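Heads up, the thing below is written out as structure tokens.
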Amino acid sequence: MPIPSTDPLVSVKNLIKTNWIPGNVVGTTTPDVHTGWWNPKSLAAQITVSGKSESFEGASGYNAIEGGGGGPVQIVNGVMFANCWAYRNEGVAGPNPKQLVYDMAEEIRRIILANYAGITGLDYVSVISTDDVPPEEGRNPMVFRKAVTIGFKWRTT
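What follows is the structure, encoded as structure tokens:
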């Protein structure tokens, strides 16, 4: 398998966006899904896919030599984050933001479990953990966040 032709961040973002089912989330919410970081100018629920980190197996960065003259093989293990963001809508009859970020994280987990083998250019994609991130003090309206750590792997041949 060659180096992925699409950045794994973009591949995972597209996987989430394409397979999102609003009915699985409180308020039948469809969040704004994008790479990068949270957009404070948007009052919509958001999923941001960012923070990619990759490490190459082996002391030299190469793990093996492919038989039959294929050359060196690099096995790359990586992680990225899908951050789920929701505002506390003061005085607005919107969904509970804690429930919303929880549901969004669970929908990401469902999407990845159902589609892990179909992502192009990666050997696997998996959810490693989900973590609550405390709201920033003094921010009004308050913003809630849950971070989903996603692992992935690819190899060259």
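For what it's worth, the numbering used here labels the leading residue of the sequence shown as 20, then goes sequentially. Heads up, the beta-carbon is just placed ideally off N, CA and C, and yes, glycines get one too. Model, not experiment: these values are computed from the prediction.
- Put simply, of Trp39, Pro41, Gly80 and Tyr121 the residue whose alpha carbon is nearest the alpha carbon of Val167 is Tyr121.
- In the structure shown, the three-state DSSP call for Ile130 is helix.
- Counting along the chain, no alpha helix (DSSP H) covers Asn82, and no H or E run does either.
- Contact check for Ala101 and Val68: beta-carbon distance about 5 Å, within the 8 Å limit, so the pair qualifies.
- In this chain, the alpha helix (DSSP H) harbouring Thr37 covers Pro27 to Asn38.
- Nearest Cα to Phe171 within the set Pro153, Gly137, Lys117 and Gly90: Gly137.
- In this structure, Gly55 lies away from Trp173, with their beta-carbon atoms at least 9 Å apart.
- In terms of CA proximity to Pro23, Ile94 leads the group Ile94, Gln65 and Leu62.
- Ranked by Cα distance from Lys165, the options Thr175, Gly157, Asp151 and Arg158 are led by Asp151.
- The criterion of a C-beta distance shorter than 9 Å is satisfied by Thr139 and Thr25.
- Here Thr47 has Pro41 as same chain residues with Cβ atoms under 6 Å from its own Cβ, once five neighbours each way along the sequence are excluded.
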